[in-house]
Amino acid sequence: MNITWKIGGEAGFGIMSTGLMFSKIAVRHGYNIFDYVEYPSLIRGGHNVYEVRVSDSPVYAQEKKADFLFALNRETVDLHKNELKDGSIVVIDREKFDVNSADFPDGKVILYDLPLGKLTLSVGADKVMENNVALGATMAIFKMDLAVLITIISEIFAKKGEEVINKNSKAAQAGFDYVTSHPPKNFLLTLPKKKASTQMIIAGNEAVGLGAITAGCKFFVAYPMTPSSSLMHFMAAHGQKNGVVVKHAEDEISVINMAIGASYAGVRSMLGTAGGGFSLMVEGLGLAGITETPLVLMVGQRPGPATGMPTWTSQGDLHFVINASQDEFPRIVLAPGDAEEAFFLTVEAFNLADYYQIPVIILTDKYVGESHFSLKVFNLDNLFLNRGKIVSWEDEDKVEGYLRYKITDDGIPVRAFPGMKKAIFTANSYEHDEYGWSSEEAKDRVGQVERRNKKLETYKKTIPDPKIYGESDADLTLVAWGSTKGPVLQALKDLREENYPKKVNFLHLTHVWPLPVPHLESILSKAKKKLIIEGNSTSQMASLIRQETGITFDHKLLRFDGRPFYPEDIIIKVKEILS
Amino acid sequence: MIDNVNLYQPRSPTWCPGCGDYGIWASLKNAIKIMNWDLDKFVIVYGVGCSGNMTDFIMSHGFHSLHGRALPNAEGIKIANHMLNVVCVVGDGDCYGEGGNHLLHAMRGNSDIKVLVHDNRVYGLTTGQTSPTSPHGYKSKSTPLGVIEYPVNPLSLAITQGASFVAQGFAGDITHLITLVTAVLKHRGFAILNVLQPCVTFNKVNTYTFYRERIYKLDDKHDLRDREKALSIVSDPGHKIPLGIIYQVERPTYQDQEIVLQQGPLVKQIIKNPSEHADLLAEFSEVEKESYHMAG
């Protein structure tokens, strides 16, 4: 069972919140969801579309064609009329605009006229409550349990009081009742309540924020930039209750330098930005590198360069974040494939940053950051915090002969913090000696560079193996990193369900720098055929794998138009290669 | 107990003989001694330039930042540990040029940091190019025909942008400078001290003699809280140069107003075990209420 529900219209109707409410409704009926939103870089007037894919089995990505389209304006019909399955239903309000079956040359659709405006007025609800009429109507169309929506309304408006809750509930009831008494003809899909929900709904950026708070982040600083702003909003909304100072700084240069200052002073610090903001932070990244100040950065990718396409997705910043800054210093880059990985990798990022005293970048994008996933509630029991080698505040007066940048076997020195009675040192942006005094001596320079580099050698021994999905002896091995995970998993699932006779497996990379070379080599050197799938125009991961292992890819599927991969396109490519 | 010897490391300063930086260095060490600060009470954040090279001539908790970025580093430190006194040692190109935006916004928030600007009206460390405070028409390697822009007025900028302490000193009068630096260190809130500092190697215009002919000290009758008076003093058309505390008011600092810091310094606040964050997860839970409660 697989249904895609879609709503489109002008920004300003509340499409985002309506879509998320439908995701909640579906999950509370016992289903799995994945939702995906497209919107332009405008506040009002642009076209917004929100789609929710619903299934009784796990669902990993959006699909091209919908079963249900709520078209709030004519433009929605024009833009999406070719993205409908046979027998799908299109809901419109004929008082606002009219369409007829000739508008849908591609297939048979059921047109349903819902007097949205009139129904809203008839129950004395405000125009802003039209979305609840729409949701109520949707639920009747799919024969769902309206009580679920009423509960959600009462949760959302709990602080606004009974009157607001009642008005919104009445609006939902009006939509539901209208459809019940005017049922659509020949529409057969239903979403009856299956079982009690055991899941959570969370977007990638929210999962990063949750991970940061769970990891004991005490200072979060950012400057607004899509697609990272929703992380800042999450942290700002949750900071006070969880003891996190959240700062909206004057620019990205200040963002990274404030984060470095706070981390140097001893608290776990994080920043959020997009590729463009990260461009401004590159100088500061080097400062974290040479002063060995732990730092966690979430960099959300979008098409660029410069302003690019602000509200669309991309995987074009891989080489950039790995190589940003003049000269050389160690860093780690992690790329979550879904909200669950975003959560656990963020906790890991804080531990790695502290342990190795380096910057750790969580490389996300608009697709994973703003899409919602239905997932089992995260299990926090096995998480731990590791702050690495530090002088504890209890021992601040017991340290003798402290050297902040002491040469050690694993490359990792002991950290201390300003304000400590002993363990005095200088954190120095200049090259320095073991204390931190500026030094241009060749011996200090070579010793410090080699020691800093050694940290990454130490880390490389601990990188977890990449996950392999599917059978081991496959005719074709798909390779992807970060957010492309979902579409590939969905493609594999769809291939299985259609009993595709050839064997296909999938290697997904989350630890993208440094790469888990030995495991990658052992898998890829044995693969019969290999297809790399990534969201950039020059196959950056393929180059990186070739650089690190010498292994090349014969087949590539690249996308850089701002849209995510669709499982359907991956399936076509797989069949083409294996035909 | 700290003294000048504790603060001094065996390296000799690399500044040119006669450089105004010596006077500022001596004044800062003396002021720290007067404040009776032990090494666990303060941290100095240095910008990059001749001024920032002071990093290597003072032994204390120190952070040698990037050119222009000392202020945001200092603000981060102050947020993480507001019990620490955070002092910035920066230059005119550093703080008014490369880091100008940071200065503007740190003042706006009255962040509780203390900023000592070495203002030599020239880029010394890069061999003498014009700086944001160089006089109009100043000829240098980067402006052989004379600089077109007029200089930044850091003092009027500070008074109008929210600094709660604005002062000016002269590196050639160490006794007076010590009292000013001490007043800076005592102030709660954003404090800026612009120190006129001759660059004996590159700036042949703004010399010790140049300043001595123009400076005057504000007297005891000067009302520190009078904003209009302060502004008129720093925009003197007669080109007289005021020394002393020009403007000082008490207002809540950024850190005073950050509600999370009311629980104590961030760096000493408790870090919960990850498993204690189940309440946060509940916000995202769509688990049916009864079964969720049963699961605990």
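In order, the protein sequence lines correspond to chains A and B.
Per my numbering, residue 6 is the first one in the first sequence, and the count goes up by one each step.
Per my numbering, residue -16 is the first one in the second sequence, and the count goes up by one each step.
Note that beta-carbon positions come from the ideal geometry of N, C-alpha and C, so glycine has one too.
All values reported here derive from a predicted model rather than from experimental measurement.
| Query | Result |
| --- | --- |
| Asp39 (chain B): contacting residues in chain A (beta-carbon distance under 7 Å) | Trp442, Ser443 |
| C-beta contact flag for Lys508 (chain A) and Asp470 (chain A) at 8 Å | no |
| Contact check, Ala340 (chain A) vs Gly487 (chain A), beta carbons under 8 Å | yes |
| Three or more C-beta pairs below 8 Å linking the stretch 161 to 171 of chain B and the stretch 222 to 233 of chain B | yes |
| Asp39 (chain B) versus Thr431 (chain A): straight-line alpha-carbon distance, rounded | 9 Å |
| Per-residue DSSP class, three states only, for Leu168 (chain B) | helix |
| Residues of the stretch 398 to 425 of chain A with Cβ closer than 8 Å to any Cβ of chain B, in chain order | Trp398, Glu401, Phe422, Pro423, Gly424, Met425 |
| Chain A residues whose Cβ lies nearer than 7 Å to that of Ile242 (chain B) | Gln245 |
| Buried/exposed call for Ala163 (chain A), threshold 16 Cβ in 10 Å | exposed |
| Asp559 (chain A) (DSSP reduced to helix, strand or coil) | coil |
| Short CB-CB distance (under 8 Å) between Gln362 (chain A) and chain B | no |
| Proximity below 8 Å, CB of Met240 (chain A) to CB of Ala254 (chain A) | no |
| Distance between Val396 (chain A) and Arg409 (chain A) (C-alpha atoms, nearest Å) | 10 Å |
| 8 Å contact criterion, which Val130 (chain B) and Gly120 (chain B) should meet: CB distance rounded | 6 Å |
| Contact under 8 Å by Cβ, Glu269 (chain B) with Gln204 (chain A) | yes |
| CA-to-CA distance, Ala213 (chain B) to Thr113 (chain B), given in whole angstroms | 27 Å |
| C-alpha gap between Gln238 (chain B) and Ile366 (chain A), whole angstroms | 28 Å |
| contact_flag[the stretch 263 to 280 of chain A, the stretch 298 to 313 of chain A] where n(CB pairs < 8 Å) is 3 or more | yes |
| Collapsed DSSP secondary structure at Phe40 (chain B) in the structure displayed | helix |
| Reduced DSSP category for Glu2 (chain A) - H, G, I as helix; E, B as strand; rest coil | Given a span of 6 to 584 for chain A in the structure shown, any question on residue 2 (chain A) remains unanswerable. |
| Other residues of its chain near Thr(-3) (chain B): CB distance less than 7 Å, five sequence neighbours each side excluded | Asn36 |
| Boundaries (first-last residue) of the alpha helix (DSSP H) holding His324 (chain A) | 323 to 328 |
| Interfacial residues, the stretch 202 to 214 of chain A to chain B, with Cβ spacing under 8 Å | Ser202, Thr203, Gln204, Met205, Ile206, Ile207, Glu211 |
| Within chain B, the residues that Val32 (chain A) reaches when beta carbons sit closer than 9 Å | Glu269 |
| Beta-carbon proximity check, Ile550 (chain A) vs Val493 (chain A), cutoff 8 Å | no |
| Local conformation of Ser234 (chain A) per DSSP, three classes | helix |
| Proximity to Glu455 (chain A) [Cα-Cα], best of A:Phe334, A:Gln552, A:Lys426 | A:Phe334 |
| Chain A contact residues for Asn64 (chain B), given Cβ-Cβ distances below 9 Å | Ala267, Ala270, Gly271, Val272, Phe422, Pro423, Gly424 |
| Other residues of its chain near Gly248 (chain A): CB distance less than 7 Å, five sequence neighbours each side excluded | Lys223 |
| Assigned secondary structure, Gly35 (chain B) (DSSP; H/G/I helix, E/B strand, else coil) | helix |
| Contact under 8 Å by Cβ, Gly209 (chain A) with Ser376 (chain A) | yes |
| N- and C-terminal bounds of the beta strand (DSSP E) containing Met275 (chain A) | 274 to 279 |
| Residues near Val(-12) (chain B) by beta carbon distance below 7 Å, same chain, minus five either side | The predicted model places Val(-12) (chain B) with a pLDDT of 49, which falls under 50 and marks its position as unreliable; any figure quoted below should be read in that light. Within the same chain, Val(-12) (chain B) has no close Cβ partners at all. |
| Chain A contact for Trp(-2) (chain B) (CB, 8 Å cutoff) | no |
| Those runs of the beta strand (DSSP E) which lie wholly inside the stretch 488 to 518 of chain A and span at least 3 residues | 509 to 514, 516 to 518 |
| Cα-Cα separation, Glu353 (chain A) to Asn56 (chain B) | 25 Å |
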